[in-house]
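Residue numbers (the working numbering): 25 to 86.
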């Protein structure tokens with residue numbers, strides 16, 4: 025039976041939108057899925073600029 029995968033990644037971006045750190049807060053239990061989620065965040069960097077450095081959480085579902 026298939027199982028839904030979900031991971032929660034938090035990341036910090038600087039004011040220019042560059043991802044400067046990331047952390048897997050909740051693993052899906054599937055290393056490759058978690059790695060793909062992290063790679064998606066890093067590939068999207070730089071994100072739209074923000075006036076201050078901030079931490080963001082993103083939940084990925086499959």
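No residue lacks a Cβ here, since even glycine has one placed at the ideal position from N, Cα and C.
Point to revise | Distance CB(residue 39)-CB(residue 75) smaller than 8 Å | key: yes
Point to revise | DSSP beta-bridge partners of residue 45 | key: 36
Point to revise | Identity of the residue in 59, 48, 27, 44 nearest residue 81 by Cα | key: 48
Exercise for review: Please list, in chain order, all residues of the same chain as residue 58 whose beta carbon is under 6 Å from its beta carbon, the five residues on each side excluded.
Suggested key: 31, 48, 51, 52
**Study point:** residue 82, DSSP secondary structure in three states
**Key:** strand
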